[in-house]
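There are 2 protein chains.
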Amino acid sequence: MEYLEMESYLKAIGDHNRMLILKYLTAESLCICEFTELMDMTQPAISQHMRKLKQAELVTEEKRGRWTIWSLNIRHSLYPMLIHLLSLLPEPERTVETLIAEGKKVICE
Amino acid sequence: MEYLEMESYLKAIGDHNRMLILKYLTAESLCICEFTELMDMTQPAISQHMRKLKQAELVTEEKRGRWTIWSLNIRHSLYPMLIHLLSLLPEPERTVETLIAEGKKVICE
DNA sequence: TGAACTTATAAGTGAACACTTATATAATGT
DNA sequence: ACATTATATAAGTGTTCACTTATAAGTTCA
């Protein structure tokens, strides 16, 4: 891997909000509107973070109806390292279970 | 490890010139003036990169006479991951052997 | 068709970044 | 003391970054 490619990769991960997004994605795939509920961020902010993560090939997207469902790109060569790195971070306060309890979990179909 | 701490760490690594500095340091400790010979960067630029790396506790410094000798901080909890990450990067074109051949290797004593 | 909903994009803003040149600080050797 | 050497810091600059608000684009369903 070249230096500039590694730089792009590390810069994509190296933001606390994107790390939190990635942490959520280790548990399950989610859509933008769920992130906005989980993370106290505006929808455009989330969208722009997803674009960054996508450009670095850290995540993949799947359009389903009006939703875009985001997943970790398990095919990336540095995926195992990413998982290890994320395992060192604490679980977020708001979880997908919180969403379910509040009736805000979206079934995208 | 907290999210903001991980962010500082990744941001410190996430620059191609600092990755090159770290790559050099995996082989041996070096002083600023050697980096300026190896890397086609000005001395203040190198100094400022070292300060960043030091703040993130990726490197340690040892003053010896007029030189400051920099080393990887092998005590950092993420040191093994750093080594793995750097192992994925190609060896630099200019090496310490090049310096020796040119008579520019400094013996700091 | 049109309203509601989800997401993406555009434009603007203040802060951080990676450099530059100039200068200060500190140790060495004559 | 003075010149040389090695490094650190200061100030300035153009670029990138992470947001904001506003709006556009696309889907669903009445």
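The listed protein sequences derive, respectively, from chains A and B.
The numbering of the first sequence is my numbering, which starts it at 6 and goes up by one.
The numbering of the second sequence is my numbering, which starts it at 6 and goes up by one.
Cβ atoms here follow ideal geometry from the backbone N, Cα and C, with glycine treated the same way.
Identify the residues that DSSP records as bridge partners of T73 (chain B): which are they? B:K68
Looking only at C-alpha atoms, which of B:P97, B:K110, B:I112, B:E67 sits nearest to T31 (chain B)? B:P97
Nearest to R23 (chain A) by alpha carbon, out of A:S52, A:Y84, A:M6? A:S52
Measure the alpha-carbon distance for Q1 (chain A) versus L104 (chain B) and round it to whole angstroms. What is shown of chain A runs 6 to 114, which leaves residue 1 (chain A) out entirely.
Against chain A, does E4 (chain B) count as a neighbour if the rule is that its beta carbon must be under 9 Å from one of theirs? Given a span of 6 to 114 for chain B in the structure shown, any question on residue 4 (chain B) remains unanswerable.
Return the residues of the stretch 21-39 of chain B that lie within a Cβ-Cβ distance of less than 7 Å from chain A, sorted by chain order. H21, M24, L25
Output the boundary residues of the alpha helix (DSSP H) element that contains E42 (chain A). 37-44
Would you say H81 (chain B) faces chain A, with C-beta separation under 9 Å as the test? no
Could you say if the stretch 34-48 of chain B and the stretch 85-95 of chain B meet the contact criterion of at least three C-beta pairs nearer than 8 Å? no
Excluding the 5 residues flanking T65 (chain B) on each side, which residues of the same chain have their C-beta closer than 7 Å to its C-beta? S76, N78
Reduced DSSP secondary structure (H/G/I, E/B, other) of K59 (chain A): helix
Distance cutoff 9 Å, beta carbons only. Does L63 (chain A) sit that close to anything in chain B? no
The stretch 39-60 of chain A: positions lying closer than 7 Å to chain B by Cβ: none
Any C-beta of chain B sitting closer than 9 Å to the C-beta of Y84 (chain A)? no
So, at 6 Å on beta carbons, what are the nonlocal neighbours of K57 (chain B) in its own chain, with the 5 sequence-adjacent residues on each side left out? A17
For E67 (chain A), which residues of its own chain have a beta-carbon under 6 Å away from its beta-carbon, when the five flanking residues on both sides are left out? I74
Quick one: does L15 (chain B) have its CB under 9 Å from some CB of chain A? yes
Along chain A, in chain order, which residues have C-beta atoms closer than 7 Å to that of I18 (chain B)? L15
Grouping DSSP H, G and I as helix and E and B as strand, with all else coil, what is P85 (chain A)? helix
Helix, strand or coil at M11 (chain A) [DSSP, three-state]: helix
Listing by chain order, which chain A residues have their CB less than 8 Å from the CB of L9 (chain B)? H21
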